[in-house]
Structures are given as structure tokens and as C-alpha cells.
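A.B. asks: Residue numbers (the numbering used here): 621 to 703. Ideal placement from N, C-alpha and C gives every residue a C-beta, glycine not left out.
1. Are at least three pairs of beta-carbons, each pair with one atom in the stretch 624 to 642 and one in the stretch 652 to 669, less than 8 Å apart?
2. Does the distance between the C-beta of residue 640 and the nearest non-hydrogen atom of the ligand SAH fall short of 6 Å?
3. Once the 5 residues before and after residue 670 are set aside, which same chain residues still bring their CB inside 7 Å of it?
4. Residue 636: which of 666, 647 and 677 sits nearest, CA to CA?
5. Within 10 angstroms of the Cβ of residue 679, are there 16 or more other Cβ atoms? Answer buried if so, exposed if not.
6. Would you identify the three-state DSSP class for residue 697, choosing helix, strand or coil?
7. Is it buried or exposed, residue 672, if we count other Cβ atoms within 10 angstroms and call 16 or more buried?
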């Protein structure tokens with residue numbers, strides 16, 4: 621399998637670098653949503669345009685926006701209660 625962004629070898633949709641960036645995006649979204657009242661797409665746009673965001677996370681945000689991946693990540697509490 622190859623990373624959807626950089627074509628590096630991967631075991632999932634992203635390489636280890638973009639996967640780590642994606643996980644950080646998901647992990648931090650809830651805090652942004654609560655404090656800034658933003659949607660997932662707005663959050664991705666703000667990350668992509670933030671001069672202090674790293675290149676890996678900017679590439680992930682751009683990829684998710686370009687691929688119309690506008691669905692919010694599942695809340696971990698929701699996942700736990702679905703069992």
C-alpha cells in the first residue's frame with residue numbers, strides 16, 4: 621500500500637508521518653471545536669492556512685479538503701459506547 625499523499629510505502633491510507641499528523645488533527649479537533657465553534661472543514665482550512673502548522677499536517681489537511689473528506693472524526697467516547 622502507498623500513502624495517499626506522498627506515495628511512501630504504508631500499511632494504511634497514510635505513511636507513518638502523515639498518519640501521525642492525521643492523528644494529531646483528530647486528537648485536537650474537539651478542543652478547537654469547543655473553543656472556536658468550528659466545523660471539521662473550517663478546522664482543516666485553518667490548519668492548512670496557519671503559518672505555524674507543520675508541513676505534514678498541512679499536507680493532510682489539504683488532502684482531506686481536496687478529497688471532500690468533510691466528515692468529522694468519530695468522538696472516542698462515542699466509539700466506546702457503541703460496544
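C.D. replies: According to the structure data:
1. no
2. Ligands are entirely absent from the displayed structure, and the ligand SAH is therefore not among its contents.
3. Reading the chain shown from its first residue, position 50 is the one you call residue 670. Nothing listed; no residue qualifies.
4. The residue labelled residue 636 in the question sits at position 16 within the chain shown. Residue 677 is the option with its Cα nearest to residue 636.
5. Translated into the one-based positions of the chain shown, residue 679 becomes position 59. The residue is buried, with at least 16 neighbouring Cβ atoms inside 10 Å.
6. If you number the chain shown from 1, residue 697 lands on position 77. Its pLDDT being 45, under 50, residue 697 is placed unreliably in this model, and the value from its coordinates should be taken loosely. Helix, per DSSP.
7. Taking the chain shown and counting its residues from 1, the one referred to as residue 672 is at position 52. Label assigned to residue 672: exposed.
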